[in-house]
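Enquirer: I'd like to ask some things about the structure below.
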Amino acid sequence: MKQPITFTVNGEVHQLEVETHKTLLDTLREDLCLTGAKEGCDAGDCGVCTIILDGRAVNPCLILAVEARGKEITTIEGLAQGEQLHPLQEAFIQHGAVQCGFCSPGMILTAKALLADNPQPTAQEVKQAMAGNLCRCTGYESIVQAILGAAPQLAGR
Amino acid sequence: MRKLRKFEYAAPRSLAEAVALLREQTGETSLLAGGTDLLVTMKQGKLTPQYVIDIKDIPGLDSLTYDPQGGLRIGPLVTMQQLVTCLSVQQHFPLLSEGALATAVPQIRNRATVAGNLCNASPAADMAPPLIAAGASLKLIGPQGERMVPVEGFFTAPFATVLEEDEILAEIAVPSLPRGSGSCYQWLPKTTVVDETLVGAAVVITLDRDGACQDARIGLGSVAPTPLRARQAEEVLRGHRVVNGTVEEAARVAAGESVPRSRAEYRREMVQVMVEEALRRAVERAQQA
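Sequence order for the protein chains is L and A. Residue numbers for the first sequence, in our numbering: 1 to 157. Residue numbers for the second sequence, in our numbering: 158 to 446.
The structure is reproduced here in structure tokens:
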């Protein structure tokens, strides 16, 4: 069955009609062409689909599009301001925390949600917060360092 | 993972409406809260509901309240993350925060509900042993009205509970722990399957003024078809001074009460280790109280 829904993505309001059995991930990728959120395990284990929903990092592969009505969503596409990268994106580049890049959108958004909640995390707290995001390339150390490196810049904002 | 099959979707505005919908539907119906178990099960093709009833539009169900007399009241939409961050829970029921942290992925904790963890009824459900040890009761609401069920009586078989087809888990009530109590949840994760618990042990121990054990409650997870209460192990502790010998004996007895299906020998050994660790930590906290 189809249902009309309205939600906000990266500050922009969207009104669409969605099939109730369509996931939020598929809706973002296919209907809104926001392909930054990736499909990996499709079961909430790998984190490559991570977005921020009402301030919290979540896996849209396990959320129906209709459940997102009235919500505010941030995807990776919402971070840079034109050519100006977000401090987290800059930090990931500076620390070599992006190799193939497939996990990066999810990693950066989870980190963004973490730092909003906990502006000065310890390395241990970063690792615990990032437990839901897998990476096959970097070995994680550069990612942790990038997040710790970006934290002071975001604390000021 | 395969894509979901079509279903009818409804988002009732009250529990009464939700119960009525459950009653009306003749086809397979599922309740949707956090969705972190339901959607996976649906994608695996193990469940193909014709109706999905989303309870997230019902006001007041995400309430998490504590007072020293009434204890802790956990609404059915309370997430794992709420139990982790709530200061009252950390302070008065640390085993519940620890149980929630056993779901190690923040993205899942932000959506997964405590009630959903119980209703999904995995033998490895992380909220079950802590709630059993804490002596929690569940309020079930159906067309006939309300009934209270102790958590330890809720589970009947792997992924099965006493919930009738037209009943909803409406609240989890956790009585305040008696004076002189300490609690802890210790667990060992599997390294083969993502994030599932291999062995979980939850303890609430109450010490009297002389430091002897006035009461003990031990909940075990993932070592039987359902989460279980280790009553014989509790008996070893009750009425006795808590010394190394009693703790080790209680842990040994708890291991004996376990009936794990797979990796049985290792699991029984780990029950002993987890119960011992949980007991020691709970006693420490009881002494600090």
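Don't be surprised by glycine CBs; every beta carbon is placed ideally from N, CA and C.
What number of angstroms, rounded off, separates the C-alpha of Q264 of chain A from the C-alpha of R56 of chain L?
Expert: Using only the alpha carbons, I get a separation of about 8 Å.
Enquirer: If you draw a straight line from the C-alpha of P449 of chain A to the C-alpha of F312 of chain A, how long is it?
Expert: With chain A covering 158 to 446 only, the question about residue 449 of chain A has no answer from this structure.
Enquirer: For Q81 of chain L, list the residues DSSP reports as bridge partners.
Expert: Q81 of chain L is bridged to L:Q84.
Enquirer: So which residues of chain A does D31 of chain L contact, with C-beta pairs closer than 8 Å?
Expert: Under the 8 Å cutoff, chain A gives no residues; its nearest Cβ is about 15 Å from D31 of chain L.
Enquirer: Looking at the C-beta of N267 of chain A, does it have a partner C-beta in chain L at a distance below 8 Å?
Expert: By this cut-off, N267 of chain A is an interface position.
Enquirer: Can A155 of chain L and P119 of chain L be called in contact, C-beta distance under 8 Å?
Expert: It is a contact, given that the beta carbons lie within the stated cut-off.
Enquirer: Of the choices A:K163, A:V197, A:L244 and A:L178, whose alpha-carbon is the least far from that of P206 of chain A?
Expert: The shortest C-alpha separation from P206 of chain A is found at A:K163.
Enquirer: Please confirm whether A261 of chain A has its beta-carbon closer than 8 Å to some beta-carbon of chain L.
Expert: Yes, A261 of chain A counts as interfacial toward chain L.
Enquirer: Which whole-angstrom value describes the C-beta separation of D352 of chain A and A261 of chain A, a residue pair presumed to lie in contact below a C-beta threshold of 8 Å?
Expert: At roughly 6 Å, the Cβ-Cβ gap stays under 8 Å, so D352 of chain A and A261 of chain A are in contact.
Enquirer: Give me whichever residues DSSP pairs with P346 of chain A in a beta bridge.
Expert: Bridge partners of P346 of chain A: A:T354.
Enquirer: Just to confirm, are L218 of chain A and I212 of chain A a CB contact at a threshold of 8 Å?
Expert: Against a cut-off of 8 Å, the Cβ pair of I212 of chain A and L218 of chain A comes out as a contact.
Enquirer: Just mark S419 of chain A as buried or exposed, buried being the case when its beta carbon has 16 or more other beta carbons within 10 Å.
Expert: The residue is exposed, with fewer than 16 neighbouring Cβ atoms inside 10 Å.
Enquirer: Going by C-alpha to C-alpha distance, which of A:R395, A:E174 and A:M431 sits closest to R409 of chain A?
Expert: For the residues A:R395, A:E174 and A:M431, the minimum Cα distance to R409 of chain A belongs to A:M431.
Enquirer: Can you give me the start and stop residues for the beta strand (DSSP E) that T222 of chain A sits inside?
Expert: Its beta strand (DSSP E) spans residues L221 to D224.
Enquirer: Please list, in chain order, all residues of the same chain as A91 of chain L whose beta carbon is under 8 Å from its beta carbon, the five residues on each side excluded.
Expert: The answer, listed in chain order, is A97, A146, I147, G149, A150 and Q153.
Enquirer: Using a Cβ-Cβ distance cut-off of 8 Å, determine whether N59 of chain L contacts chain A.
Expert: So, interface residue.
Enquirer: Say whether chain A places a C-beta atom closer than 8 Å to the C-beta of T74 of chain L.
Expert: Not one chain A Cβ lies under 8 Å of T74 of chain L.
Enquirer: Excluding the five sequence neighbours on either side, which residues of its own chain have a C-beta within less than 7 Å of the C-beta of E433 of chain A, listed in chain order?
Expert: Within the same chain, E433 of chain A has close Cβ partners V404, E405 and A408.
Enquirer: Beta carbons nearer than 7 Å to chain L: which residues of the region 185-210 of chain A have them?
Expert: Listed by position along the chain: G192, T193, L196, V197 and K200.
Enquirer: Can you check DSSP and say which residues form a bridge with I231 of chain A?
Expert: Note: I231 of chain A sits in a beta bridge opposite A:L221 and A:I329.
Enquirer: Considering only the alpha carbon of each residue, which of A:A269, A:L334 and A:G292 lies closest to D224 of chain A?
Expert: Residue A:L334 is the option with its Cα nearest to D224 of chain A.
Enquirer: For R162 of chain A, decide whether its Cβ has a neighbour in chain L, counting only Cβ atoms nearer than 8 Å.
Expert: So, interface residue.
Enquirer: Checking the sheet assignment: what are the DSSP bridge partners for T236 of chain A?
Expert: Paired residue(s): A:T270.
Enquirer: Taking 8 Å as the CB-CB cut-off, is M158 of chain A touching chain L?
Expert: By this cut-off, M158 of chain A is an interface position.
Enquirer: Under 9 Å Cβ-Cβ, which residues of chain L neighbour K213 of chain A?
Expert: Within chain L, the residues near K213 of chain A are E67.
Enquirer: Answer yes or no: does any C-beta atom of chain L fall closer than 8 Å to that of Y342 of chain A?
Expert: No, because no Cβ of chain L sits closer than 8 Å to the Cβ of Y342 of chain A.
Enquirer: Report the three-state DSSP secondary structure of E303 of chain A (helix, strand or coil).
Expert: Strand.
Enquirer: Roughly how many whole angstroms lie between the Cα atoms of E303 of chain A and V319 of chain A?
Expert: The straight-line gap from Cα to Cα measures roughly 13 Å.
Enquirer: Does the beta carbon of E165 of chain A come closer than 8 Å to any beta carbon on chain L?
Expert: Output row for E165 of chain A: interface = yes.
Enquirer: 8 Å is my cut-off, CB to CB: does G132 of chain L come that close to chain A?
Expert: So, interface residue.
Enquirer: Quick check on F102 of chain L: does DSSP put it in helix, strand or coil?
Expert: If DSSP states are grouped into helix, strand and coil, F102 of chain L belongs with coil.
Enquirer: For the beta strand (DSSP E) containing Y140 of chain L, list its first residue and its last residue.
Expert: Here Y140 of chain L belongs to no beta strand (DSSP E), and DSSP marks it neither H nor E.
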